[in-house]
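A short write-up of the structure that comes next.
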Amino acid sequence: MPKFIRFLLTLSLLAGTRTFAHAQSASSAEVARIDASDFPQISALVDVYGADGNFLAGLKAADVTVYEDGQERPPVSLREVKVPVQAVTAVNPGPPLGIRDGTGISRFERVVEALRLWAEAQPADSRDDFSLVSLSGSLINHAGVNDWLVSLNAFKPDFRNSKPNLQTLAIALDTVSAPTPEPGMKRAVLFITPALNDPNIDNSIAPFIQRAVEAKVRVFVWFVDAEAQFLSPSANAFKLLAQQSGGQFFAFSRNEPFPNLDEYFAPLRSLYEIQYTSALNTSGEHTLRFDFHSGETTISTADAAFSVEVQPPNPIFVTPPLQITRQPPADDPYNPEILEPAQRLIEIIVEFPDGHPRDLARTTLYVDGQVTAENTQEPFDRFVWDLSAFAESGQHQIVVEAEDVLGLTKSSIAIPVTFTVIHPPGRLEVFLLQYRSHLIFGATILAGFALLAVLVRSRAKNLPESRRKKARRAKEDPLTQPVPALAEPPIPPKKGKTSSSRFGWMNLRHSRVPSAPAYLIRLKNGGEPASAAPIPLLEKETTFGADPVQSMHVLDDPSISPLHARIRRMGEGNFLLMDHGSVAGTWLNYEPVSREGVRLKHGDRIHFGMMYYRFDLSQPPAESEPKVISKNNPHP
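See the structure below:
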């Protein structure tokens, strides 16, 4: 009869020890990690438990509400993610683990075999983190499942001479409480132990239960001993440890089937990843809370703190224009109605000093404090600046401002831009200057004809009618026509002397000007000489421009470039005028001059930008004498 009662008690114990108990009697949620590195997109890993203590699966984005600093924010996404497990196997050696069955296999060898079968079935890419500890300390820490199995197979403790205690459990809790290799990993301890000979086991186990609950470590106990110990105070204490920490209790004496560790770890492998768009626009520490709605139940996390640095965007000009020259187009240089360029492309870049690139709401270009161009959609990094309003030379300031989606704004430094506006001469002046030789020739011809007509008419009135007829007949008789005598050709000035008609005024008014083979005479807009001293052309090459470092002769006018033009002395009274790529250009007799140059002649008109000069040789070439060629002898 006692044997039968003992058998019934054993069956009830075996059934009772396989029961899964959980510490939590209510639903709960906990924030495992907050990631603000991709601000303003923020993600969080959250663990949600149902009333049964298991992971609450099947939630949707509509089932969660996000509170950022107490303000509700809509979630962008919610998805269930799989995470590895951090587990510590703690072997508490004692004589009961070394007891062998009828086949000569010890209880511990049975345990190792069950763990080996489980480990070999794990996937090759498993990221689980395993450790193995015993009374002597850690045998392997934070290793993969294969290395952990090798260490377990090599572990051969002296069970006969070992005295089990709670030191192994303390080492296991220390090891599993270390930072996890990956965020959100959940922790577990597989505690393999025989019964302990401790009359105060309930008091001894209490601190370990509290520590496991606070650290959220699930303790799974494999109680390996004789069946008689299944109802011992040690067994009851370890059942309480498993129940309060959310683990399981399993008793093994000889033939009981071992649980599959996958059933232990499955609830520990799932988390929810929640993403939302932050509305924060200040740096510092902030709070985050989540409410999960499951049926009629709302499960809330505690406020979790996180920090983020937020700074406004910083706009920067890319190669801003420091100087802009507007002038008539090259194909219509005398058109006062058109100035080029008509617009200018301004490019910028926008940096985020806080390291969190985000979308922009607008970028604005200011000129002298006034809005000139604005972008409210892509592209935000360029503007088309309309220059039509700038018709006079002067300096203006440009500033660009950027605003991001958080409403943060910042302006760039002010950049000064100098405008040089070159206006063409008046149309009448251009016509007179360009066609002056034709006009002078035509006017001379007209004046000659007019004078001749006046003389002829006056003489005709004074002659009697008979004399008029006689004169008319005489004029009609070719034999009586007089042959006009040739005028004696003019005598050119002697070599080495300057003609007083052209240079006498210069010698009188500018006696200090050195003698040179040629000069540039400053002219007014009407073509008459100005009061400025002539420029002597003494050097092999004479340079003109606004920069005194680059130019031998400084020309003070806004239209003059730093190095504007050159005049090269070629020898034998020959001079070559060359432009140096100036903005306003160099003009000879109202025709543009290229870099290759144009040969100068005595009396040529030269424009450096808006400055007007005449080129005079000190010894101008003598005018050629007319040659009389006989009609019968064409060769003199």
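Residue 683 in the working numbering sits at position 10 of the sequence shown, and the numbers go up by one each step. Ideal Cβ positions, reconstructed from N, Cα and C, are used throughout, including at glycine.
Best match in the options for proximity to residue i [C-alpha to C-alpha]
i: residue 994; options: 1215, 1128, 1089; result: 1089
i: residue 1229; options: 850, 1246, 1285; result: 1285
i: residue 616; options: 1068, 1198, 1117, 893; result: In this structure the chain extends from 674 to 1309, so residue 616 is not present and cannot be described.
i: residue 733; options: 723, 722, 743, 750; result: 750
i: residue 1000; options: 1066, 820, 979, 1293; result: 1066
i: residue 1254; options: 1236, 1245, 1241, 775; result: 1236
i: residue 746; options: 879, 952, 1266; result: 952
i: residue 1037; options: 1226, 1055, 1234, 1248; result: 1055
i: residue 1262; options: 1288, 998, 1269; result: 1288
i: residue 1063; options: 1006, 791, 983, 998; result: 998
i: residue 742; options: 748, 1271, 979; result: 979
i: residue 1041; options: 1025, 1086, 720; result: 1086
i: residue 1245; options: 1130, 1293, 928; result: 1293
i: residue 854; options: 835, 816, 866; result: 816
i: residue 833; options: 1091, 768, 1251; result: 768
i: residue 1045; options: 1057, 1053, 1051; result: 1057
i: residue 718; options: 962, 1028, 885; result: 962
i: residue 709; options: 1215, 1224, 1110, 983; result: 983
i: residue 866; options: 926, 1113, 714, 1032; result: 926
Pair within 9 Å by beta-carbon distance, residue i and residue j
i: residue 805; j: residue 784; result: no
i: residue 1257; j: residue 1282; result: yes
i: residue 973; j: residue 964; result: yes
i: residue 914; j: residue 881; result: yes
i: residue 800; j: residue 852; result: no
i: residue 740; j: residue 971; result: no
i: residue 1071; j: residue 1039; result: yes
i: residue 701; j: residue 946; result: no
i: residue 892; j: residue 864; result: yes
i: residue 808; j: residue 766; result: yes
i: residue 910; j: residue 878; result: yes
i: residue 948; j: residue 748; result: yes
i: residue 996; j: residue 1061; result: no
i: residue 705; j: residue 940; result: no
i: residue 1025; j: residue 1077; result: yes
i: residue 1269; j: residue 1243; result: no
i: residue 950; j: residue 714; result: yes
8 Å CB neighbourhood of residue i in its chain, flanking five on each side removed
i: residue 850; result: 860, 888, 890
i: residue 1083; result: 985, 986, 987, 988, 1074, 1075
i: residue 723; result: 700, 729, 967
i: residue 1196; result: 1202, 1203, 1278, 1285, 1286, 1287
i: residue 810; result: 844
Cut-off 6 Å between Cβ atoms - residues of its own chain near residue i, not counting five sequence neighbours on either side
i: residue 760; result: 803, 861
i: residue 781; result: 770
i: residue 923; result: 895, 932
i: residue 1232; result: 1095, 1257, 1282, 1283
i: residue 1079; result: 954
i: residue 868; result: 898, 902, 905, 907
i: residue 773; result: 779
Buried/exposed call for residue i, threshold 16 Cβ in 10 Å
i: residue 1009; result: exposed
i: residue 870; result: exposed
i: residue 1043; result: exposed
i: residue 1221; result: exposed
i: residue 1117; result: exposed
i: residue 1279; result: buried
i: residue 916; result: buried
i: residue 789; result: exposed
i: residue 1239; result: buried
i: residue 627; result: Nothing about residue 627 can be read from this structure; the chain reaches only from 674 to 1309.
i: residue 874; result: buried
i: residue 1011; result: exposed
i: residue 1291; result: buried
i: residue 1053; result: buried
i: residue 1259; result: buried
Contacting residues, own chain, Cβ-Cβ under 7 Å from residue i (five flanking each side not counted)
i: residue 1209; result: 1186, 1187, 1189, 1192
i: residue 991; result: 1020, 1021, 1022
i: residue 1049; result: 1035
i: residue 676; result: Legend: pLDDT at residue 676 = 41, less than 50; position of this residue unreliable, value from coordinates given subsequently. Nothing listed; no residue qualifies.
i: residue 1030; result: none
i: residue 1169; result: A caution first: residue 1169 carries a pLDDT of 42, below 50, which makes its placement in the model unreliable, though a value can still be read off. Taken in chain order, the list of residues that qualify is empty.
i: residue 697; result: At residue 697, the pLDDT of 43 sits below 50, so the modelled position is not reliable and the matter cannot be decided from this model.
Proximity test, Cβ basis, 9 Å: residue i and chain C
i: residue 1286; result: Among the protein chains of the structure shown there is no chain C, as only one such chain exists.
Original post:
What are the uninterrupted segments assigned as beta strand (DSSP E) that are 3 or more residues long and contained completely in the stretch 839-906, given in chain order?
Top reply: 859-866, 890-897
Original post:
Enumerated in chain order, which unbroken segments of the alpha helix (DSSP H) with a length of 4 residues or greater are wholly contained in the stretch 1172-1260?
Top reply: 1173-1182
**OP:** Pick out the complete alpha helix (DSSP H) segments inside the stretch 914-961, 4 residues or longer, and give them in chain order.
**Re:** 934-938
**OP:** Could you name each continuous beta strand (DSSP E) segment of 3 residues or more that falls completely within the stretch 760-826, going from the start of the chain to the end?
**Re:** 802-807, 810-816
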